[in-house]
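When we follow the working numbering, the leftmost residue of the sequence shown carries the number 18, and every step to the right adds one. As C-alpha cells, the structure follows; a few thoughts come after it.
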Amino acid sequence: MSELLLLLASGKVRSGEALAGELGVTRAAVWKQIGALRKLGVEIEAVAGQGYRLTRPFELLDGRAIEAQLSDRAHAQLASLDVLRSVDSTNARLLAAPPPPAGRAALCIAEYQTAGRGRRGRSWVAPLGAGLCMSVAWQFVTPPPQLGALGLAIGVGAAHALHALGFGDVQLKWPNDLVARGAKLGGILTELQGEMDGPAHVVVGIGLNVDLPAAAREAIAAAGNPQVTDLRELAGGPAPSRNEIAAAIASALIETLARFELAGFAAFRAAWSALDVLAGEEVVVRSGDRTHSGRACGVDQDGALMLEHEGRVQRLVAGEASLRRA
Ligand code: BTN
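Now the structure itself:
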C-alpha cells in the first residue's frame, strides 16, 4: 500500500502498467490496492487512457526530514522518533510502550490511524495524507501541580507553533480544541498512566486537519460534528509542507512538556487566556448528562473553566463547550 502511494504521491499521472511494473505485481493487484487506498479516504482519479493520479498530491511523512527540522532544544530531548505508515492509534502505541527516560520524549507520528481516539470516548478520523496525527510520551518522575491542565498548555504550544508558520488566526477552545475562524482545526487528547503521587507516564496526542478531502468534510458534517477547517483553507492555497508542520508541532510539544514539568500550568495560563476563543461569550457546556450555561470567564489556576451565571461563578473541570449563539 505505501509503495503505491509513494509512486502516486507527487500527483503525476501513472499508468496501471507502469505502476504494476515498478511494484512487481499484476495490473489487477494495482487496481485492488487503489481500491484499498480509496477506502482509506485517498482520492485517486482514473484518467481515461492514461492511468491514475492523486486528486490532492501530498508530501509523505519522512522521519529524517522531521528530525532535521526539530528545534535544537526539542532535538536534545528526543529519545525516539517513529514515523509509521499505519497504526491503530499513536496515543495507544506510546501508552503500551515503556515510558521514555525522565526528561526525554518519545515521538510517534502516523500517516494513518485505524482506531484514532478522540476526547470523551469518540473516535478521531483523518483520511490518509489529509492531516497530522502525532503523539509524544513523557515521564514525570514527580507529577507537577495541575497535571490536569497539561492539555491546555499543550494547546498553547501548538497554537504558537501554528502562528509562527503563518496561521495567526488559530485560537483555543476550552478544554482541548484548536480552532480558527469559528471552526475546529484540531484537537488534543492527553492520556495518563501511573499512581497519583508516583511517576506518571503521560501521552499527549494531537490531530490536526491539513488538507481534508471534500468527502471527509461531508462525512464529518453528516455525523453532526461542529464545523471543521484545515490548514489549506486557512492558507487560502496549498497547505504547507507536512514535514515542516510536523517538526514545528513536535518541537512545541516537547518544549511545552519540559517547561510544564518545571513550572506547571502557571507558566502558560496568561498565554492560554490570550488565545481563549470563548472569553466573555455566552456558552453551553455539556458535562456527562448535565448542561451548564453562562458567560465564559477564562480558566482558573487548575485549567477549570469559569462560568458566570446570575452573579455566581461555577467551576467546570471537564465538558464540551459550544457558543450559545451557534
Ligand atoms: C479531540 O477529540 O478533539 C482530540 C483528538 C485527538 C486526536 C489525536 S490524533 C493523534 C493521537 N492519537 C490518537 O488516537 N488520538 C490523538
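Beta carbons are placed, not taken as given, at the ideal position from N, Cα and C, and that holds for glycine. Predicted model, so just to flag it, every value in this text is computed and none were measured.
Item to check | Heavy atom of ligand 1 within 7 Å of L206 beta-carbon | outcome: To locate residue 206, count along the sequence shown from 1; it is residue 189. Yes; taking the cut-off as 7 Å, the Cβ of L206 has a heavy atom of ligand 1 nearer than that.
Checklist entry - Starting from A273 and walking both ways along the alpha helix (DSSP H), at which residues does that stretch end? => result Counted from its first residue, the sequence shown places residue 273 at position 256. Note that residue 273 is Thr in the sequence shown here, rather than Ala. Taken as a continuous stretch (DSSP letters only), the alpha helix (DSSP H) holding T273 covers R259 to A280.
Checklist entry - Nearest to F157 by CA position, among L324, E325, A280 and S290, is which residue? => result Start at 1 with the first residue of the sequence shown, and residue 157 comes out as number 140. Closest option to F157, Cα to Cα, is A280.
Checklist entry - Quick one: Cα of W48 to Cα of Q188, how far? => result Residue numbering aside, residue 48 sits at position 31 when the sequence shown is read from its first letter. Residue numbering aside, residue 188 sits at position 171 when the sequence shown is read from its first letter. For W48 and Q188, the distance between alpha carbons rounds to 43 Å.
Item to check | Proximity test, D228 beta-carbon vs ligand 1 heavy atom, cut-off 7 Å | outcome: Translated into the one-based positions of the sequence shown, residue 228 becomes position 211. Checking the Cβ of D228 against ligand 1 gives no.
Checklist entry - First and last residue of the beta strand (DSSP E) that includes S290? => result The residue you call residue 290 lines up with position 273 of the sequence shown. First-last for S290: R286 to A291, but that is the alpha helix (DSSP H), not the beta strand (DSSP E).
Next on the checklist: Taking 8 Å as the cut-off, does the stretch 301–310 touch the stretch 144–163 (at least 3 CB pairs, one atom from each stretch)?
Outcome noted: no
Checklist entry - From the DSSP output, which residues share a beta bridge with I223? => result In the sequence shown, the residue the question calls residue 223 occupies position 206. DSSP output for I223 lists M151 and I205 as bridge partner(s).
Item to check | Neighbourhood of M18 by C-beta distance below 7 Å, restricted to the same chain and skipping five residues each side | outcome: Residue numbering aside, residue 18 sits at position 1 when the sequence shown is read from its first letter. Summary for M18: the model assigns pLDDT 47, below 50, so the residue's position carries little reliability; its value from the coordinates is reported in the next sentence. Correct list, in chain order: Q50, A53 and L54.
Item to check | Under the three-state DSSP convention, the category T72 falls into | outcome: Position 55 of the sequence shown, counted from the start, is the residue given in the question as residue 72. Residue state, collapsed to three classes: coil.
Checklist entry - What does a CB cutoff of less than 6 Å around T72 pick up in its chain, not counting 5 residues either side in sequence? => result For this step, residue 72 is matched to residue 55 along the sequence shown. Excluding positions up to five away in sequence, the list reads E60 and E62.
Checklist entry - What is the DSSP secondary structure of D89, counted as helix, strand or coil? => result Walking along the sequence shown from the start, residue 89 turns up at place 72. Three-state result, D89: helix.
Checklist entry - Residues in its own chain within less than 8 Å of E76 by CB, not counting five upstream and five downstream? => result Residue 76 sits at position 59 when you count from the first residue of the sequence shown. Excluding positions up to five away in sequence, the list reads A26, S258, R259 and N260.
Next on the checklist: Tell me which residues share the same chain as G199 and place their Cβ nearer than 7 Å to its Cβ, disregarding the 5 neighbours each side in the sequence.
Outcome noted: The sequence position of residue 199 within the sequence shown is 182, counting from 1. Hits under 7 Å: Q244.
Next on the checklist: Three Cβ pairs or more, each shorter than 8 Å: is that satisfied between the stretch 132–143 and the stretch 112–120?
Outcome noted: Judged by Cβ distances under 8 Å, the stretch 132–143 makes no contact with the stretch 112–120, as fewer than three pairs qualify.
Checklist entry - Cα separation between L274 and A232? => result Indexing the sequence shown from 1 puts residue 274 at position 257. Indexing the sequence shown from 1 puts residue 232 at position 215. A straight line joining the alpha-carbon of L274 with that of A232 spans about 35 Å.
Checklist entry - What is the DSSP secondary structure of A35, reduced to helix, strand or coil? => result Translated into positions along the sequence shown, residue 35 becomes position 18. Reduced to three states, the DSSP call for A35 is helix.
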